[in-house]
Structures are given as C-alpha cells and as structure tokens.
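Working notes, structure below.
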Amino acid sequence: MRKLRRKKTKPSASGPAVTTVVVMRLYIANNAPNSVRAVANLAAICKEHLQDKFKLEIIDVLEYPLRALADGILVTPSLAKVSPSPAAKIVGNLSDRSSVLHALGIKESVE
Amino acid sequence: MNATKSAAPQPLPKIATGIAGFDELSHGGLPRNRTSLLKGGPGSGKTVFALQSLVNAVRRRQEPGIFVAFEESTRQIIANAASFDWGLPALAKDKLFFLDAHLSPEVVQSGEFDLSGMLAMLKAKTEEIGAKWIVFDGIDVLLTLLQNPMSEMREIYRIRDWLADNEVNAAIITAKTDGDSAEIVNYGFLQFMVDCVVRFERRLEHGVALHRLQITKYRGSDFVAGEFPVSFGPAGMEVGAPEPAEIRHEASSERVSAGFERLDTMLGGGLFRGSSTLITGVPGTSKTTLAGKFAEAACRRGERTLFVSFDEGAEPIARNLSSVGIQLKPHIKSGLLRMHSARTESIGAEDHLVKLKSLIREHRPRCMVIDPLSAIAKAGGLSAARAVANRLIYMAKDEKVTVVVTAINTVNDPQTEATDLQISRIADTWIHLSYLIRSGERNRALTIIKSRGTWHSNQVRELILSKTGPMLADVYTAGGEVLMGTLRWEKEGEEKAKTIQRRAEFDHKRGELQVAEAETHARIKALQQDLERQRVELAKYSSANEARIVTSSDREKELRRIRSADPAGRAPTGIVPSLAKRRAAVRSGNSGRKNKKDAQIAP
Numbered sequence: 022m023r024k025l026r027r028k029k030t031k032p033s034a035s036g037p038a039v040t041t042v043v044v045m046r047l048y049i050a051n052n053a054p055n056s057v058r059a060v061a062n063l064a065a066i067c068k069e070h071l072q073d074k075f076k077l078e079i080i081d082v083l084e085y086p087l088r089a090l091a092d093g094i095l096v097t098p099s100l101a102k103v104s105p106s107p108a109a110k111i112v113g114n115l116s117d118r119s120s121v122l123h124a125l126g127i128k129e130s131v132e
Numbered sequence: 007m008n009a010t011k012s013a014a015p016q017p018l019p020k021i022a023t024g025i026a027g028f029d030e031l032s033h034g035g036l037p038r039n040r041t042s043l044l045k046g047g048p049g050s051g052k053t054v055f056a057l058q059s060l061v062n063a064v065r066r067r068q069e070p071g072i073f074v075a076f077e078e079s080t081r082q083i084i085a086n087a088a089s090f091d092w093g094l095p096a097l098a099k100d101k102l103f104f105l106d107a108h109l110s111p112e113v114v115q116s117g118e119f120d121l122s123g124m125l126a127m128l129k130a131k132t133e134e135i136g137a138k139w140i141v142f143d144g145i146d147v148l149l150t151l152l153q154n155p156m157s158e159m160r161e162i163y164r165i166r167d168w169l170a171d172n173e174v175n176a177a178i179i180t181a182k183t184d185g186d187s188a189e190i191v192n193y194g195f196l197q198f199m200v201d202c203v204v205r206f207e208r209r210l211e212h213g214v215a216l217h218r219l220q221i222t223k224y225r226g227s228d229f230v231a232g233e234f235p236v237s238f239g240p241a242g243m244e245v246g247a248p249e250p251a252e253i254r255h256e257a258s259s260e261r262v263s264a265g266f267e268r269l270d271t272m273l274g275g276g277l278f279r280g281s282s283t284l285i286t287g288v289p290g291t292s293k294t295t296l297a298g299k300f301a302e303a304a305c306r307r308g309e310r311t312l313f314v315s316f317d318e319g320a321e322p323i324a325r326n327l328s329s330v331g332i333q334l335k336p337h338i339k340s341g342l343l344r345m346h347s348a349r350t351e352s353i354g355a356e357d358h359l360v361k362l363k364s365l366i367r368e369h370r371p372r373c374m375v376i377d378p379l380s381a382i383a384k385a386g387g388l389s390a391a392r393a394v395a396n397r398l399i400y401m402a403k404d405e406k407v408t409v410v411v412t413a414i415n416t417v418n419d420p421q422t423e424a425t426d427l428q429i430s431r432i433a434d435t436w437i438h439l440s441y442l443i444r445s446g447e448r449n450r451a452l453t454i455i456k457s458r459g460t461w462h463s464n465q466v467r468e469l470i471l472s473k474t475g476p477m478l479a480d481v482y483t484a485g486g487e488v489l490m491g492t493l494r495w496e497k498e499g500e501e502k503a504k505t506i507q508r509r510a511e512f513d514h515k516r517g518e519l520q521v522a523e524a525e526t527h528a529r530i531k532a533l534q535q536d537l538e539r540q541r542v543e544l545a546k547y548s549s550a551n552e553a554r555i556v557t558s559s560d561r562e563k564e565l566r567r568i569r570s571a572d573p574a575g576r577a578p579t580g581i582v583p584s585l586a587k588r589r590a591a592v593r594s595g596n597s598g599r600k601n602k603k604d605a606q607i608a609p
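Here the protein sequences line up with chains A and B, keeping their order. Mapping the first sequence onto my numbering, position 83 (from 1) lands on 104, and the numbers just tick up by one. Mapping the second sequence onto my numbering, position 70 (from 1) lands on 76, and the numbers just tick up by one.
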C-alpha cells in the first residue's frame, strides 16, 4: 500500500481520472452468493462507467487463501482498487453502486 | 477400557487453559475440540483470558494457535499484553498467528459480505502452522458490520461449521456485551452454539475496579458455579478459586518460636513450621507488637522474613516496635527482613494478592507477617477480600511459609467472629488479645482460642509491654474473676507479704528449736561428766575395799599360823565369828542407847 502512495502525484500529471486505467482486484469465495453477486455488480459498473479503461483481477480466496491473507483481505467479497491512487478497499457484494463509484473515484456521469 | 466399560458415561474430554484457578473451577479447562464463548463488558478480561490460553498452549504443550482480532489491531493487542511476562512478540513470530481482522474505518462497505473467504484463509493458515487453538476475539464487532440479524445468524453458522470441519483442540469466541442486561443480537444463538460459556464482569466497588468470572454453561460437565474474583499479575490472569480442590500441604512437626518463651510454652512449644496464626483484637491491644516479636525472633534465627503492613509505613512500625525492645532495623539492613507497606484503598484486594505473591517469590521468606490482613476488606468488596484472605493463607502454606496475620475486630469479644474476613476458620492458631477493664484500668489479656494439633494453655494471661519486649504474666483468679494490672499487683504484694511473714515465723521457730537443742546438748554433757566422775569414784572405792579385805585376811592367816590354831590350808572362815562378834557388840551398844531413850520418854 505504501508503494502505491508514492505515485500520488502521477494521476494529476497524466490528466483526468476517467482516461486513466483503473487497476482493481476482486477477492471472492468461489460461488458463494455474495461473491457471485459482487462479480455481476462490478461487471455492470465497469461496463457502464469504465468501458475498457480498467484492469480487473479476480482472485478466488478459496483457491489462493495465503495470497489473500498476504494482501490483507478479511471478508469476501472484497474489492481493492490498486491504482490510480488513492488506493481503496470496498467490502460487500457491491450492491450499493454509488458508494462503489465514490470509492473508486468515478464520477456518476450517467445518473 | 472402552470395551469393558462401554456403558459408563465418558467424561467430557477437556483441555487445560493453564489459567490458575479456572482449570479448577471448570474441572479441567475448556471442552476439547469444542467452542467456548467468553462474554462480558469492555475491559472485563475476555481478551486476556483468550490470549493467555493461547500462550499457555504454545509454551506448555507446543501447540501453535491463531488469534483473530476483530476489535483491536494486532499491534494494540501485543502492546497491551506487554505487561505480562509471556514473551508474546517472540511467540508471534512463528508459533502464534495474529490475524488483524478489524476493518479499518477507511474501508467502504457496499452490500453484504460473508466470512467464507476469511475462513478459507484461516484454514490455510491453520494447516500451515499446525494450529491447535483458535480465538475469534470480538465477534460482536464483526456481527455489527453485518448489519442484519439474518446475516449474523448465517455467519455464526458458518463459523460453527468451520470449527466442526477443522478440528482444533479448542476454539474460543469472545463477545462484548453492553452492561449487564443488554445482549448482542443473536446472542442467544451464539450461546446455544457453544459448549461452554464464561461470563466476565468488571465493576466498581467503593472506587476499586473488581474483576469477576463465572461459568454459566458447560455442556456435559459439572463445574463450580458462582462468581469468582479475577486478578491480573505479571503472569497474567488468575482466578480466585474459593479453596484449592485438594489440600496438599505437608504437616510439619517442627516448631518455631512465636516470639518469646512464655508464649511458646502456652502454645505447647511454639508454632508449627508452615502454619498460619491469626491474632485478633480491638485497636491498641498490641497485635502489631506480638507480630513484630514473631518477625524479630525469626530474623534472630537467621530466617528470611517478610513483614507486610497495610496503611502504615515500614519506618514508623520499626520505630514503634523498637520502643518495646523489638529491633527490626538491623535485620532490615542485613536484608533478612523485608518490609512492605501498602495502601489498601489504592488497589483491589486481588491486586494485593498478586503483589504479595511476587514479593514472596522475590524475597523467599520462611516467615511472614501481614498486619493487619483485615485491611484488605477495605479494598473493594468484602467477598473478594475474603477470598483473597483465604488464598493468601493457602498460598503461604503452599510455599511453606509460617505466617502470622493480624485482624482488627471492632467488638472486644472473640466470640463474635474475629473479622469480616472469616479467616479464623482456616488459621491453625488463633490468639485473641483483649482489654479487661477493672478498677479504672485497661489491661491487655492474651487468650489462645485455638491451636490445631498441639496442646495449648487454656489460661488467660496478662500481656505486659516493657522496654525489653512483651511478656506474659500470670493472672490471679479470685472469686471467679481474673485479676490484672493493679489488682494483680496488689494480689502479688499480698502474696509476697504472706510469704515473708511465713518465713519469719519459720525462722523464729527454728531459732527456738536450735536453742532448745543446744540446752539439751549441754545437759547431756553435764550428766555425762557426772556419770564419769561417779564411775571413777566407784572404781576407786571398790579397789580400796578389796585391798583392805586382802590385808585383813592375810593378817588373820598370819595370826593363825603363828598361833597354830588352824591346820595349814584350812579356809580362813575363822574371821567370820570375830567379825560377827564385833558387829553384835555394835548392835548391843546401839540398842542400849535406844533403850535409854525409851526410858526417858516413859516417865
């Protein structure tokens, strides 16, 4: 996390947030209901707000538990925004879209 | 065993927590392979209990553990435990795994989540380090985040299933309750799901924080019901079990002095080594003096001694005792005697116990004085103080320390229980000091109310303090009353005068007899002299007579030989007629005179 904070000045130099590629990791627990819902909710958000300007890695915690542990994950599903800075963490099935957008730093242009 | 006794109920397997007192209360510890719930208000000791169990498992049985912290950060928990001598940071490197499971406030929540991912991670970690214990600390915090009762229920189920699948030796869940009555949502279910529930409580009594613990549920096992005091010391938490399940104290037949000879005599030779003595009395009956004398005697024997005083400084005590000939200062200087004074109100009774324990460990005394033990009743609740007093005495016994404790009673009557602490039950010896007020005087009286396993005097003695130390005086009983002080002194004077008189009379009589004896002796001597003289005279007389007889008979023989009247060799009987003739002449002369006298009377 500290590593990411160092890049703090970069996004402002490269222009508006929307044009930047958003790097995210979604931690899920295989096909647990909340995890399945989270994947769907995130896909919808990305499609609507980020188009192709995002990079998403989905990690199944049941498969890679020690990695999730190392990444500081607690509950599933969890979404981590890796870049651009500031980093953010969202827990839950991402059903509350506005809070997700806010955390990801995306303006709700459509609504 | 199973084959032969298959019908017999199997005792529930348990696993020791290593927390002093708790394993006794629960008859063995927490249920093995099961889940236990610790509930209680904030700061009631749940986390310490859980963490200490984990630490003990690692240190005693090499069983690694996992601690999932929902409420505090791992760093905080390790820092909080730094006051205990567990060496937690070292253990946290490989044997204990701390999962920082408290969601930082920066984390955004959007919709529902669950624990399936976390449990998968914990499973992996459990396998990785071979964890045998797992603690979920502050599950209430997690449940609050879930925001709805249905989810809470679901997650509790999930944890239960996980614990069932991952057989650890023991699982502990802690949950915070707000106050006494308020329970967390779904608490009932949480309680139902676990096999053992321990309730923790922290409350203020007279401004002192008291910690309590109670086992409220233990499925398939009996346990000691009721609330028990909890104390915290360098080794961690300790539960004040009311009495040790088993008394293992060795009974020593060695005697140690109770302070001075006369008291030892009253006790049948002194106190038993490792025994406990209670000295009770109202203020001013010189309980401290007696205890101080005991301490001094111990130091003089070269035994390490601990003198604990409550609400009075060591310095004034040493000074006061020196005024009655008890010198503690040299022993303090030599290090043999350790004085510790504590203020009772500042900390709870439990904490006093912990402090004393560490003092005993440090100083390793053979003799100990606690003056007055009753002071700890001031430190918070009475029940706690009672338990502490009991445990103190048992602890001293465990360490084979001969202990003398004093207790102030407010009523000058030994029959009303000595103190609120009820220590007289467990003390081996009970000495009661009292005042007897008679003839405008207060006099101190010493009674031995009990002394286990030894003959002891049943007499009340007067305790007198002098510059050379305390001493005991005989008391006089007159007309069914005990005489002390001036009355005793008067009585003693009376006795002394009588003795003198008796002696004088005796001396006089003896003198008289001696004089009489001397007189008799003198008389005997005079008589003996008389006797001697008479003997001498008699001897002289008889020898003269014989000589005369011999001479006269020789003369007669000579005469007869000359006249040839008798033939030679005939017995000299011839003298007899001549003698008879002479005697007859004398007689006739006499009679003539007599006759003349008669004639004179006749006319």
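In this text, a Cβ means the ideal position worked out from N, Cα and C, and glycines have one as well.
Query raised in the report: In whole angstroms, what separates the C-alpha of B:H346 from that of B:I338?
Result: One alpha carbon belongs to B:H346, the other to B:I338, and they sit about 11 Å apart.
Query raised in the report: With distances taken between CB atoms, is the gap from A:I66 to A:V82 smaller than 8 Å?
Result: Result no, Cβ atoms of A:I66 and A:V82 do not sit closer than 8 Å.
Query - Within 9 Å of chain A by C-beta, residues of the stretch 112-135 of chain B in sequence order - result: Going along the stretch 112-135 of chain B in chain order, one finds E112, V113, V114, Q115, S116, G117, E118, F119, D120, L121, S122, G123, M124, L125, A126, M127, L128, K129, A130, K131 and E134 with a Cβ nearer than 9 Å to chain A.
Report task. Identify the contact partners of B:L149 in chain A, using a Cβ-Cβ distance below 7 Å as the criterion. Result -> Contacts between B:L149 and chain A, judged by CB atoms closer than 7 Å, are missing: the closest CB pair is about 12 Å apart.
**Report entry** B:K299, DSSP secondary structure in three states
**Finding:** Looking at B:K299 - three-state DSSP - the assignment turns out to be helix.
Query raised in the report: Any Cβ of chain B within less than 8 Å of the Cβ of A:P105?
Result: With 8 Å as the cut-off, A:P105 does not count as an interface residue toward chain B.
Report task. Hey, could you find the ends of the beta strand (DSSP E) B:Y441 is sitting in? Result -> Judged by DSSP secondary structure, B:Y441 falls within the beta strand (DSSP E) whose first and last residues are T435 to R444.
Query raised in the report: Residues bridged to B:D146 by DSSP?
Result: According to DSSP, B:D146 shares a beta bridge with no other residue.
**Report entry** Same chain only: Cβ atoms within 8 Å of B:I135, ignoring 5 sequence neighbours per side
**Finding:** For B:I135, where only same-chain residues beyond five positions count, the Cβ hits under 8 Å are P70, I72, D100, K101 and F103.
Query raised in the report: Which residues in the same chain have their Cβ closer than 7 Å to the Cβ of A:Y48, if we skip the five residues on either side of it in sequence?
Result: Non-local beta-carbon contacts of A:Y48 in its own chain, meaning distances under 7 Å to residues more than five positions away in sequence, involve I80, V82, A89, I94, T97, P98 and S99 in chain order.
Query - Helix, strand or coil at B:P6 according to DSSP, with G and I counted as helix - result: The structure shown does not extend to residue 6 of chain B, since chain B is modelled only from 7 to 609, so the question has no answer here.
**Report entry** 8 Å Cβ cutoff, A:S116 in contact with chain B
**Finding:** At least one chain B Cβ lies under 8 Å of A:S116.
Query raised in the report: Between which two residues does the alpha helix (DSSP H) carrying B:D171 extend?
Result: DSSP places B:D171 inside the alpha helix (DSSP H), whose first and last residues are P155 to D171.
Report task. Give every residue of the same chain whose Cβ lies closer than 6 Å to the Cβ of A:K68, excluding the five residues on either side of it in the sequence, and list them in chain order. Result -> None.
Query - Proximity test, Cβ basis, 8 Å: A:T97 and chain B - result: Look at A:T97: its C-beta is under 8 Å from a C-beta on chain B.
**Report entry** Nearest residue (CA-CA) to B:V200, options B:N172, B:Q82, B:A177 and B:L452
**Finding:** Looking at the Cα atoms, B:A177 is the closest of the given residues.
Query raised in the report: Going along the chain, which residues of its own chain have a beta-carbon closer than 6 Å to the beta-carbon of B:A137, five neighbours each way excluded?
Result: Contacts found: P70, G71 and I72.
Report task. Go through its chain and collect everything with a Cβ distance to B:R370's Cβ below 7 Å, but skip five positions before and after it. Result -> R310.
Report task. May I ask you to report which of helix, strand or coil DSSP gives B:D100? Result -> Three-state DSSP puts B:D100 in a helix.
Report task. Can you tell me which of B:I285, B:A181 and B:P336 puts its alpha carbon nearest to the alpha carbon of B:P6? Result -> Coverage of chain B is limited to positions 7 through 609, which leaves residue 6 of chain B absent and any answer about it impossible.
Requested in this report: Compile a chain-ordered list of the residues in the stretch 81-109 of chain B whose CB is closer than 7 Å to at least one CB of chain A.
Outcome: If the cut-off is 7 Å between Cβ atoms, the stretch 81-109 of chain B has A107 and L109 near chain A.
**Report entry** Segments of 3+ residues assigned as beta strand (DSSP E) that fall wholly inside the stretch 62-90 of chain A
**Finding:** Within the stretch 62-90 of chain A, the complete beta strand (DSSP E) segments at least 3 residues long are 75-81, listed from N- to C-terminus.
Report task. Give a yes or no on contact between the stretch 98-116 of chain A and the stretch 49-62 of chain A, applying the rule of three or more CB pairs nearer than 8 Å. Result -> With the cut-off at 8 Å, the stretch 98-116 of chain A and the stretch 49-62 of chain A touch.
Report task. Compare the C-alpha of B:K456 against each of B:N449, B:R450, B:V114 and B:V466 and name the closest. Result -> The shortest C-alpha separation from B:K456 is found at B:V466.
Query - Cβ of A:G126 within 8 Å of any chain B Cβ - result: No, A:G126 does not count as interfacial toward chain B.
Query raised in the report: For a contact meaning CB atoms closer than 9 Å, what does A:K110 contact in chain B?
Result: Going along chain B in sequence order, the residues near A:K110 (Cβ under 9 Å) are L109, S110, E112, V113 and V114.
**Report entry** Beta-carbon spacing of B:T460, B:G280 below 8 Å
**Finding:** It is not a contact, given that the beta carbons lie outside the stated cut-off.
Query raised in the report: Short check: CB of A:P86 to CB of B:A107, under 8 Å?
Result: No, they are not a contact pair.
Query - Separation of B:M156 from A:H123, as counted between CA atoms - result: Cα-Cα distance, rounded: 28 Å.
Query raised in the report: So, does the CB of A:L63 fall closer than 8 Å to a CB anywhere in chain B?
Result: Chain B, which has no Cβ nearer than 8 Å to the Cβ of A:L63, makes this no.
Query raised in the report: Tell me the DSSP bridge mates of B:P235?
Result: In the DSSP output, where bridge partners are listed per residue, B:P235 has B:R218.
**Report entry** Cutoff 7 Å; reference B:T215; Cβ partners in own chain excluding five residues on either side
**Finding:** Here residue 215 of chain B is Ala; the residue named in the question, Thr, does not match the sequence. Residues of the same chain with a CB within less than 7 Å of the CB of B:A215, apart from the 5 flanking positions on each side, are R208 and G354 in chain order.
Report task. Give me whichever residues DSSP pairs with B:M243 in a beta bridge. Result -> B:M243 is bridged by DSSP to B:F238.
Query raised in the report: chain D beta carbons: is any one of them nearer than 8 Å to that of A:V43?
Result: Among the protein chains in the structure shown, which are A and B, there is no chain D.
Query raised in the report: Of all Cβ atoms in chain B, is any one closer than 8 Å to the Cβ of A:I94?
Result: A Cβ of chain B is located within less than 8 Å of the beta carbon of A:I94.
Query raised in the report: Unbroken beta strand (DSSP E) runs of length 3 or more, entirely within the stretch 354-402 of chain B: which are they?
Result: Counting only unbroken stretches of 3 or more residues, the beta strand (DSSP E) elements lying wholly within the stretch 354-402 of chain B are 373-377, in sequence order.
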